[in-house]
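**Q**
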Amino acid sequence: AEEAHAMGKGERHKEIRTYHGDEEAWKRMLAEVKPDVVFIATNWKNHAPMAIEAMKQGAHAFVEVPLALTLQELWEIVDTSEQTRKHCMMMENVNYGRDELMFLNMCRKGIIGEVLHGEAAYIHELRWQMEEVERGTGSWRTYHYARRNGNLYPTHGLGPVAQYMNLARGEDTFRSLVSFSTPAIGRKMYARKNYPEDHQWNQLDYQGGDLNTSIIKTQLGRTIMVQWDETSPRPYSRLNLIQGTKGALAGFPTRVALEGGVAGITEDHHRWVQGEQLAALYEKYDHPLYKRLAASTKESGHGGMDGMMVYRIIECLQQGLPLDQNVYEGALWSAVAPLSERSVATDGQPQVFPDFTRGEWKNTAPLGIIA
Numbered sequence: 005a006e007e008a009h010a011m012g013k014g015e016r017h018k019e020i021r022t023y024h025g026d027e028e029a030w031k032r033m034l035a036e037v038k039p040d041v042v043f044i045a046t047n048w049k050n051h052a053p054m055a056i057e058a059m060k061q062g063a064h065a066f067v068e069v070p071l072a073l074t075l076q077e078l079w080e081i082v083d084t085s086e087q088t089r090k091h092c093m094m095m096e097n098v099n100y101g102r103d104e105l106m107f108l109n110m111c112r113k114g115i116i117g118e119v120l121h122g123e124a125a126y127i128h129e130l131r132w133q134m135e136e137v138e139r140g141t142g143s144w145r146t147y148h149y150a151r152r153n154g155n156l157y158p159t160h161g162l163g164p165v166a167q168y169m170n171l172a173r174g175e176d177t178f179r180s181l182v183s184f185s186t187p188a189i190g191r192k193m194y195a196r197k198n199y200p201e202d203h204q205w206n207q208l209d210y211q212g213g214d215l216n217t218s219i220i221k222t223q224l225g226r227t228i229m230v231q232w233d234e235t236s237p238r239p240y241s242r243l244n245l246i247q248g249t250k251g252a253l254a255g256f257p258t259r260v261a262l263e264g265g266v267a268g269i270t271e272d273h274h275r276w277v278q279g280e281q282l283a284a285l286y287e288k289y290d291h292p293l294y295k296r297l298a299a300s301t302k303e304s305g306h307g308g309m310d311g312m313m314v315y316r317i318i319e320c321l322q323q324g325l326p327l328d329q330n331v332y333e334g335a336l337w338s339a340v341a342p343l344s345e346r347s348v349a350t351d352g353q354p355q356v357f358p359d360f361t362r363g364e365w366k367n368t369a370p371l372g373i374i375a
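First residue of the sequence shown? That's 5 in the working numbering, and the numbers climb one at a time after it.
1) Determine the closest residue to Tyr149 out of Ile20, Pro187, Asp328 and Leu245, with distance taken between C-alpha atoms.
2) Could you please give the first and the last residue of the uninterrupted beta strand (DSSP E) stretch that includes Lys192?
3) Between the C-alpha atoms of Met193 and Gly352, what's the straight-line distance to the nearest angstrom?
4) Could you tell me the alpha carbon to alpha carbon distance between Pro236 and Gly163, rounded to whole angstroms?
5) Just reading off the beta strand (DSSP E) that Leu34 is part of, what are its end residues?
6) Using a Cβ-Cβ cut-off of 7 angstroms (strictly less than) and excluding sequence neighbours within five positions of Arg346, which residues of its own chain qualify?
7) Pick from Cys111, Thr88, Val340 and Glu234: whose alpha carbon is nearest that of Thr222?
8) Which residue's Cα is closest to the Cα of Ala125: Ala55, Glu136 and Gln231?
9) Identify which residue in Glu104, Ala65, Glu36 and Glu86 has its Cα closest to the Cα of Met312.
10) What is the C-beta distance between His64 and Lys90, in whole angstroms, given that I count them as a contact (C-beta under 8 angstroms)?
11) Within its chain, find whatever has a CB closer than 6 angstroms to the CB of Gly101; leave out the 5 residues flanking it on each side and keep chain order.
12) In the DSSP assignment, find the unbroken alpha helix (DSSP H) run with Thr141 in it and report its ends.
13) Could you tell me how far apart the beta carbons of Arg242 and Phe256 are, in whole angstroms, since I believe they sit closer than 8 angstroms?
14) My output table needs one value for His121: the three-state DSSP class, helix, strand or coil.
15) Going by alpha carbons, who is nearest to Asp290 out of Asn109, Leu75 and Ile44?
16) Going by the DSSP bridge assignment, what does Gly248 pair with across the sheet?
17) Just reading off the beta strand (DSSP E) that Gly178 is part of, what are its end residues?
18) Assuming Cys111 contacts Val119 under a Cβ cut-off of 8 angstroms, what Cβ separation, rounded to an integer in Å, is found between them?
19) Per DSSP, which one or two residues make a beta bridge with Arg259?
20) Could you check if Gly161 belongs to the surroundings of the ligand FMN, using beta carbon to heavy atom distance under 7 angstroms?
21) Among Glu234, Ala299, Leu325 and Leu245, whose alpha-carbon lies nearest the alpha-carbon of Glu129?
22) If you follow the beta strand (DSSP E) that Asn216 is in, where does it begin and where does it stop?
23) Is Ile44 closer than 8 angstroms to Val69 when the C-beta atoms are compared?
24) Got a sec, what are the start and stop residues for the alpha helix (DSSP H) Met229 sits in?
As structure tokens, then:
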């Protein structure tokens, strides 16, 4: 509370009202402050109820990932946004990374031809979060890892790939997925090694597989592999691969291969352009939005992604522009989690995506190259 008040020392906001002390304090805030915009960065189970109530109280809602946990919650968010005419955007900050923006620009320019396949992931070893027992991310996420078996955190890798493919925006959309998980071993081993036998983490029956692989099929027959693993020991990766008929773009590390090669660097597609060789591609294909905002947002979180995302949110609201990510995209990307859980539970049976747009995705313009 003191830190929040300290932030209000500027000329415009000398007093910032704070609400804390119980789980329902946010409802009093909505009723008393009547904000125009609400940013929601809480544990996952509160995302949907907070977003829904915020919109009903007249605020636009901007929600940390995932947008919600169940298909029912996702439908309620979409319905409420439509009924109240309020924005509800899931804040997928990764879509504002330099490489992701450059890849989007290259896809829009047709550099890799017709897009066929994508690979997305959230590979991030986070067992250390189990140290957060009373407060913090681990205090509630650990229960999700133990009790749910599927692809629990798909959107950081999937969001950029979905926009490369123009999914839910006129060209194509998700059709179905199949999903498989490995055995649940890593978290149980970690708990046994690092905590006493009577510790709460050693009382859990860990059901969620350490690594999940899901494969999405789109309406046009394109494919996307989505992986999730926050347990196994290996370097961080979101994969960020997009394959087209004329070449491929990939991340971690960033690299490019084009049919016929990249002028002055490679002769054909059998060798990646990577490392210092990428300088020429950044110079040629850096996204105009990155060029405009990189310097002013570089000190913000996640290498500037967060600042660029918030800047665009405010810019769009002030100018009455469509948001870069709409409520339907947030619902579609988040739906991977509950659908993957269903597929895993039925030994990989295909699960069909709901059409949150009710057919309107066919009339929705692709995200343009914003200058």
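In this text, a Cβ means the ideal position worked out from N, Cα and C, and glycines have one as well.
**A** In short, the structure shows the following:
1) Here residue 149 refers to the residue found at position 145 when the sequence shown is read from its first residue. It is Pro187 whose Cα lies nearest to the Cα of Tyr149.
2) Looking up residue 192 in the sequence shown gives position 188. Lys192 -> not in any beta strand (DSSP E); alpha helix (DSSP H) instead, spanning Gly190 to Asn198.
3) As a first step, residue 193 must be located in the sequence shown, where it is residue number 189. As a first step, residue 352 must be located in the sequence shown, where it is residue number 348. When rounded, the distance between both Cα atoms is 26 angstroms.
4) To locate residue 236, count along the sequence shown from 1; it is residue 232. To locate residue 163, count along the sequence shown from 1; it is residue 159. Here residue 236 turns out to be Ser, not Pro, going by the sequence shown. Distance between the alpha carbons of Ser236 and Gly163 is about 23 angstroms.
5) The sequence position of residue 34 within the sequence shown is 30, counting from 1. Run containing Leu34: none in the beta strand (DSSP E); it sits in the alpha helix (DSSP H), Ala29 to Val37.
6) Reading the sequence shown from its first residue, position 342 is the one you call residue 346. So the list reads Gln355, once near-sequence residues are dropped.
7) Sequence index remark: in the sequence shown, residue 222 carries index 218 (1-based). When each option's Cα is compared against that of Thr222, the closest is Val340.
8) Taking the sequence shown and counting its residues from 1, one reaches residue 125 at position 121. Per the Cα distances, Gln231.
9) To locate residue 312, count along the sequence shown from 1; it is residue 308. When only C-alpha atoms are compared, the closest one is Glu104.
10) Translated into positions along the sequence shown, residue 64 becomes position 60. Translated into positions along the sequence shown, residue 90 becomes position 86. His64 to Lys90, Cβ: 5 angstroms. Contact.
11) Numbered from 1 along the sequence shown, position 97 holds the residue referred to as residue 101. For Gly101, where only same-chain residues beyond five positions count, the Cβ hits under 6 angstroms are Met309.
12) Translated into the one-based positions of the sequence shown, residue 141 becomes position 137. Start and end: Thr141 to Arg151.
13) Counting from one through the sequence shown, the residue named residue 242 turns up at place 238. Counting from one through the sequence shown, the residue named residue 256 turns up at place 252. Contact holds; Cβ gap of about 6 angstroms.
14) Here residue 121 refers to the residue found at position 117 when the sequence shown is read from its first residue. The answer is strand: DSSP assigns His121 an E or B state.
15) Along the sequence shown, one-based indexing puts residue 290 at 286. Taking only the C-alpha atoms, the option nearest Asp290 is Asn109.
16) Translated into positions along the sequence shown, residue 248 becomes position 244. DSSP output for Gly248 lists Val119 and Gly251 as bridge partner(s).
17) Counting from one through the sequence shown, the residue named residue 178 turns up at place 174. This sequence places Phe at residue 178; Gly is not what is there. First-last of the beta strand (DSSP E) with Phe178: Phe178 to Ser185.
18) In the sequence shown, the residue the question calls residue 111 occupies position 107. In the sequence shown, the residue the question calls residue 119 occupies position 115. Indeed they touch by this definition, with Cβ atoms about 6 angstroms apart.
19) Walking along the sequence shown from the start, residue 259 turns up at place 255. Note: Arg259 sits in a beta bridge opposite Ala254 and Gln278.
20) In terms of ligand content, the structure shown is empty, and the ligand FMN therefore cannot be addressed.
21) One-based indexing of the sequence shown puts residue 129 at position 125. The residue with the shortest Cα to Cα distance from Glu129 is Glu234.
22) Reading the sequence shown from its first residue, position 212 is the one you call residue 216. Element bounds for Asn216: Asn216 to Thr222.
23) Position 65 of the sequence shown holds residue 69. Position 40 of the sequence shown holds residue 44. Not closer than 8 angstroms, so no.
24) For the purposes of this step, residue 229 is taken as the residue at position 225 of the sequence shown. No alpha helix (DSSP H) contains Met229, which is instead part of the beta strand (DSSP E) from Thr227 to Asp233.
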